[in-house]
Amino acid sequence: MVHSNAGRFVPVIVDAIGERVAGCVFVDAALPGDGVGRERLEGLRAMAGADGRVPPWTSWWGEDAVAGLFGDGRMRAEVSGEQPRVPVSFFEEEVPVVAGWDERACGYLWFSQAYEDRAREAERRGWAVGHIAGGHLHQVVDPGAVARGIVAVTSAAGG
């Protein structure tokens, strides 16, 4: 199971692990082959400090956009405290899409409108797709519902 930008790395992970991977579930995640758009990359470069690292991601957007992602202030503080400052080069990297990675059960669970297009692409690929209305970090807001959603998508995908 992968979330957010980690979806881009699934083919190389599957290639490295091989047959031990029975299936892949993407949760509000980028799909393999998704790149970071030019505008986003330029924005990240502009945000980067002298060390070439971007600030923690919760500072990339306004307070109104970020506050609703967390169930409460305690969870926000916990997640915010664990955020790394990632080098811009992480976003510049083109991750290879290794052939055959998706020759196993795949599914997609989406929460936020930002990932609806990727969910539709997953449907076009014939994957099991589920939806739970919520923000991008819905797993910290309602972990039980998200766990049930992952189980449902996994079951529907044949896993």
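Counting the sequence shown from 1 gives a position; my numbering is that position plus 3.
Ideal Cβ placement from N, Cα and C applies to all residues, glycine included.
Treat the numbers as computed from the prediction; the structure is a model and nothing was measured.
**OP:** Helix, strand or coil for PHE29, going by three-state DSSP, please let me know.
**Re:** strand
**OP:** Give every residue of the same chain whose Cβ lies closer than 6 Å to the Cβ of ARG121, excluding the five residues on either side of it in the sequence, and list them in chain order.
**Re:** LEU34
Subject >> Neighbourhood of SER7 by C-beta, 6 Å cutoff - its chain only, sequence neighbours within 5 removed >> reply: ALA32
Original post:
Going straight from the alpha carbon of GLY152 to that of SER92, what length do you get?
Top reply: 33 Å
Original post:
Can you round the beta-carbon distance between TRP63 and MET78 to whole angstroms, since I take them to be within the 8 Å contact cut?
Top reply: Between MET78 and TRP63 the Cβ distance is about 19 Å, and since that is not below 8 Å, they are no contact.
Original post:
At what residues does the alpha helix (DSSP H) containing VAL156 begin and finish?
Top reply: 146 to 160
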